[in-house]
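Numbering (UniProt numbering), first residue to last: 1 to 89.
Beta carbons are placed, not taken as given, at the ideal position from N, Cα and C, and that holds for glycine.
Right, one structure below, let's go through it.
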């Protein structure tokens, strides 16, 4: 219904109802805008998440390399102990 066609108290009531509808739609529009902002921010959050995963993977790789070096050193120590025992006997 159009407010222009109505006259008198009914027109004022209809105008109030339409204004309330518009006011109710404003928070919805604001929420949709906030959702769109989040969607545009999501790629940066996804990038940050991927960066954190990459850093974690790099840290795990570094730890694995250190573990490998420690294992190699342990083997060398074992070999040296074996050679020393033979030499002492």
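- The alpha-carbon of residue 84 is positioned some 37 Å away from that of residue 59.
- When only Cα atoms are considered, residue 54 and residue 73 end up about 29 Å apart.
- In the structure shown, the three-state DSSP call for residue 50 is helix.
- C-alpha of residue 52 to C-alpha of residue 78: approximately 39 Å in a straight line.
- One Cα belongs to residue 82, the other to residue 88, and the distance between them is close to 10 Å.
- When secondary structure is reduced to three states using DSSP, residue 89 falls in the coil class, being assigned neither helix nor strand.
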